[in-house]
Every structure is written in C-alpha cells, then in structure tokens.
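Undergrad: Would you mind keeping the following structure in view while I ask a few things?
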Amino acid sequence: MVPSNVHVQLVEKPTDPLAVALTGGDISLLPVLARAMIKPIALQIGDMYTATDENGKLVGFQAWVPPGRLLFNTYESISSNCKEEQRKLGFEDYLSQLSDEAKSYCPQALGKDFPHAIDVLAGMDQTELNTYWCNFNFVAEDWWQKGISKAMTELAYRKAKANGWTMALATTHIRNVDIYKRLGFELKGLRDFPSPWNVWQAWIYVWKTKED
Numbered sequence: 010m011v012p013s014n015v016h017v018q019l020v021e022k023p024t025d026p027l028a029v030a031l032t033g034g035d036i037s038l039l040p041v042l043a044r045a046m047i048k049p050i051a052l053q054i055g056d057m058y059t060a061t062d063e064n065g066k067l068v069g070f071q072a073w074v075p076p077g078r079l080l081f082n083t084y085e086s087i088s089s090n091c092k093e094e095q096r097k098l099g100f101e102d103y104l105s106q107l108s109d110e111a112k113s114y115c116p117q118a119l120g121k122d123f124p125h126a127i128d129v130l131a132g133m134d135q136t137e138l139n140t141y142w143c144n145f146n147f148v149a150e151d152w153w154q155k156g157i158s159k160a161m162t163e164l165a166y167r168k169a170k171a172n173g174w175t176m177a178l179a180t181t182h183i184r185n186v187d188i189y190k191r192l193g194f195e196l197k198g199l200r201d202f203p204s205p206w207n208v209w210q211a212w213i214y215v216w217k218t219k220e221d
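Written out as structure tokens, the structure reads:
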C-alpha cells in the first residue's frame with residue numbers, strides 16, 4: 010500500500026510551477042492529483058523505492074514505471090485513453106474537481122504537449138513508454154543533501170542496468186537541474202510550457218545504462 014503520509018509530504022510546500030498549472034491554480038487539489046498518480050504506480054504498474062528514518066517514518070520515495078507500461082496509459086489524451094482501473098484509483102476524482110479551464114488544459118498538457126516535448130528533446134519515440142521513467146523523486150526538506158535521492162536512484166539503476174533499460178525523467182524545478190546531473194543523468198534540454206496560470210518549465214534527462 011502507498012504510505013499514508015506520502016501525499017502529506019508532497020503538498021507540504023507546493024511551490025512547483027507545474028503543480029500550479031495542473032491544478033488550475035487551486036493548490037488545494039494537489040493531494041488529489043498526487044494520489045491519482047501515485048496509487049496506479051504503487052499498486053499496478055510501477056516500482057516504489059522508499060527511504061525511512063530509524064522510527065520507520067517516510068523521509069523520501071521514488072516512483073518508477075518500467076518500459077512497456079505507462080501512467081494513465083496515455084498516448085493522445087489522458088481523459089479518453091486512461092485505463093479504467095487507473096482512473097478509478099483517483100484520476101476521475103481529480104478531474105471532477107478541476108475548473109472547466111483546467112479540465113481542458115490538463116489532458117492536453119500531460120497527454121500531448123509534454124510527451125511530445127520529451128520525445129523531441131530525448132531523441133526517441135514514446136520516451137515515457139520505452140524507458141524506466143521516474144514519475145516522482147521526493148525527499149523531505151529536512152533530509153536534503155544527505156544522499157537520500159542518490160541511494161534510491163542507485164537501487165533503480167541496478168534494476169535498469171540488469172534489464173538493459175534506459176532511465177529517464179523530467180524535473181520542473183530549477184533547483185533540481187544540477188542534482189540529476191550529479192546522479193548520473195544526461196541533460197537533454199529544456200522546454201517552456203505556457204498555461205492559463207503561468208509558464209512552467211521542464212528539463213529532460215536520460216541515462217543510457219547500456220553504455221556504462
């Protein structure tokens with residue numbers, strides 16, 4: 010099961026511009042969006058790597074989806090192609106609470122614009138589908154710069170390396186740009202995405218484990 014405090018940690022300080030765009034500016038919906046994304050990965054399609062302190066409290070986690078699987082199973086439109094099982098785990102609830110403007114924007118952004126930009130920058134087709142894709146990399150602020158993200162990434166790398174998978178991810182916060190370079194990823198490029206509420210940015214990274 011997904012740790013009960015994961016979504017609490019995620020919305021503790023929601024400053025990410027993408028979070029603003031995908032909630033239509035209503036940050037109170039961020040826990041709903043987080044649950045809609047984390048549950049399918051943890052319970053159906055992906056791998057969860059967690060970090061806990063000596064008391065068992067969650068201090069960090071990563072969520073990865075192996076090649077051949079895809080969060081919401083989207084190629085063109087999240088709302089029309091999302092697998093029924095995944096929708097029932099929270100995506101329908103999330104969509105129902107969005108404003109009309111956000112309901113129109115979110116599927117377009119996540120289902121078309123973002124995947125297309127990833128493919129162009131990464132230089133491959135259907136990057137999210139064909140790589141070991143990291144959807145979440147979270148470390149509680151009190152545990153930053155303590156090697157938590159590196160340790161979890163090393164676990165993911167071992168699995169990717171053993172299977173010959175390319176690893177890939179995107180970050181939407183500038184503070185993470187150098188972090189992923191130090192972890193071993195190659196920065197492939199940056200893309201700006203306009204929304205009715207702001208302009209958010211995404212940096213795309215790839216790690217071809219076969220070349221190591």
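Residue numbering for the sequence shown follows this note's numbering, starting at 10 and increasing by one per position.
The beta carbon of each residue, even a glycine, is placed where N, CA and C say it ideally should be.
(1) Could you give the DSSP three-state label for residue 89: helix, strand or coil?
(2) Would DSSP call residue 66 helix, strand or coil?
(3) List the endpoints of the continuous beta strand (DSSP E) containing residue 150.
(4) Touch check for the segment 136-148 and the segment 45-58: three-plus C-beta pairs under 8 Å?
(5) List the DSSP bridge partners of residue 200.
(6) Please list, in chain order, all residues of the same chain as residue 87 whose beta carbon is under 8 Å from its beta carbon, the five residues on each side excluded.
(7) Check for me: the alpha helix (DSSP H) holding residue 98 runs from which residue to which?
(8) Within 10 angstroms of the Cβ of residue 150, are there 16 or more other Cβ atoms? Answer buried if so, exposed if not.
(9) Going by the DSSP bridge assignment, what does residue 179 pair with across the sheet?
(10) Starting from residue 60, trace the beta strand (DSSP E) both ways and give me its first and last residue.
(11) Return yes when the Cβ of residue 140 is within less than 7 Å of the Cβ of residue 170, no when it is not.
(12) Expressed to the nearest angstrom, what Euclidean distance is found between the alpha-carbon atoms of residue 216 and residue 126?
(13) Could you tell me the boundaries of the alpha helix (DSSP H) in which residue 49 lies?
(14) Tell me the rounded alpha-carbon separation between residue 90 and residue 63.
(15) Suppose the cutoff is 7 Å on Cβ atoms and the five residues either side in sequence are ignored; what does the same chain contact list for residue 106 look like?
(16) Could you tell me if residue 203 is buried or exposed, where buried requires 16 or more neighbouring beta carbons within 10 angstroms of its beta carbon?
(17) Under a Cβ-count criterion, where at least 16 other Cβ atoms within 10 Å of its own Cβ denotes burial, should residue 173 be classed as buried or exposed?
(18) Could you pull the DSSP bridge partners for residue 73 from this structure?
TA: Based on what the coordinates show:
(1) Residue confidence for residue 89 is low, a pLDDT of 48 falling below 50, so the modelled location carries little weight; the figure read from the coordinates is stated next. Three-state result, residue 89: helix.
(2) coil
(3) Run containing residue 150: none; DSSP gives neither H nor E here.
(4) yes
(5) Answer is 211, bridged to residue 200.
(6) Residue placement at residue 87 is poorly supported in this model, since its pLDDT is 47, which falls under 50; the coordinates are not used for a value here.
(7) Neither: residue 98 is in no alpha helix (DSSP H) and is coded neither H nor E.
(8) exposed
(9) 213
(10) 56-61
(11) no
(12) Going by the C-alpha atoms only, they are around 17 Å apart.
(13) From DSSP, the alpha helix (DSSP H) with residue 49 extends over 39-49.
(14) Annotation note: pLDDT 47 at residue 90 (below 50); position unreliable, coordinate value reported separately. For residue 90 and residue 63, the gap between their C-alpha atoms comes out near 42 Å.
(15) 38, 41
(16) Under this definition residue 203 is an exposed residue.
(17) exposed
(18) Per DSSP, the beta-bridge partners of residue 73 are 56, 143.
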